[in-house]
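Participant: Mind the numbering: the sequence shown is residues 3 to 201 in our numbering, read in order.
Idealized CB from N, CA, C, for every residue including glycine.
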Amino acid sequence: MKFQTLIPLRFETSQGVIKLRPGDTFKPKDEEAIRWLLIDGRVRPLSDVMAEKYRELTGWLHQFDLTVDELKETLPGLYQDIQDAIESLDNSFVTEDLAAFQDAFNKVRELYTEALFKDGRRVAVKVWSEILHAYLWVVETDKDMHSLSSQGIKEVIYTADEIKRLKGLSNDSLKEVHKAKEVFESSRIEEIKPKNGLA
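(1) Going by Cα to Cα distance, which pick from Ser172, Lys169, Lys156 is closest to Lys183?
(2) Can you give me the Cβ contacts of Ile191 inside the same chain, cut-off strictly under 7 Å, excluding the 5 residues immediately before and after it?
(3) Is Glu193 a contact residue of the ligand PLP, with contact defined as CB to any heavy atom under 7 Å?
(4) Going straight from the alpha carbon of Asp71 to that of Lys109, what length do you get?
(5) DSSP three-state call for Gly79: helix, strand or coil?
(6) Opposite Ala182 in the DSSP bridges: which residues?
(7) Is the beta carbon of Phe5 sitting closer than 8 Å to the one on Ile36?
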């Protein structure tokens with residue numbers, strides 16, 4: 003069984019000193035020898051780490067209304083890609099290959115998000131703003147914004163409603179609003195009041 007370190011660890015072995023950083027994984031020759039590290043909360047079984055990620059992925063998938071049957075019927079190629087990624091996820095769980103598991107985890111999320119967009123359930127558009135000199139995403143709803151944000155998108159995400167609220171603002175005001183959304187990730191524009199009567 004493999005373990006993941008939660009704190010920096012140092013082991014003295016017959017081959018020399020081994021230093022591990024938090025998040026590193028290792029497989030001890032004798033699990034009983036590291037039992038006190040497990041009890042003390044300094045390491046945890048890698049299977050627990052991966053099971054936690056599985057639960058996270060399952061919870062994320064269940065928030066959407068695209069069923070397996072609908073996906074299979076409307077996007078058979080993408081359905082098969084998702085099934086292949088899930089198989090890779092399962093295999094890497096069994097072999098305790100954390101890097102392959104993380105890659106497969108990300109692939110499942112990426113492909114499922116693509117399926118949602120292609121099925122017309124979610125619309126996301128990436129645009130370049132000459133005014134802001136930045137890329138930004140425009141989605142339909144708050145749920146879409148959070149879904150896209152959960153994919154690790156680094157650019158600022160706006161909902162269609164927010165874009166409507168921004169119409170008529172000066173370039174400087176648009177830049178100020180954009181800076182605020184950059185600082186406060188997944189924030190939502192609720193109300194815009196003009197400064198000194200000017201927007």
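Facilitator: Checking against the coordinates, here is how it stands:
(1) In the sequence shown, residue 183 corresponds to position 181, counting from 1. Among Ser172, Lys169, Lys156, the Cα nearest to that of Lys183 is on Lys156.
(2) Within the sequence shown, residue 191 is the residue found at index 189, counting from 1. Contacts found: Glu164, Arg167, Val179.
(3) No copy of the ligand PLP appears in this structure; indeed no ligand is present at all.
(4) For this step, residue 71 is matched to residue 69 along the sequence shown. For this step, residue 109 is matched to residue 107 along the sequence shown. The straight-line gap separating the alpha-carbon atoms of Asp71 and Lys109 is approximately 20 Å.
(5) As a working mapping, residue 79 is identified with position 77 in the sequence shown. Here Gly79 sits in helix by DSSP.
(6) Here residue 182 refers to the residue found at position 180 when the sequence shown is read from its first residue. Its beta-bridge partners do not exist; DSSP assigns none.
(7) For the purposes of this step, residue 5 is taken as residue 3 along the sequence shown, with counting starting at 1. For the purposes of this step, residue 36 is taken as residue 34 along the sequence shown, with counting starting at 1. Against a cut-off of 8 Å, the Cβ pair of Ile36 and Phe5 comes out as a contact.
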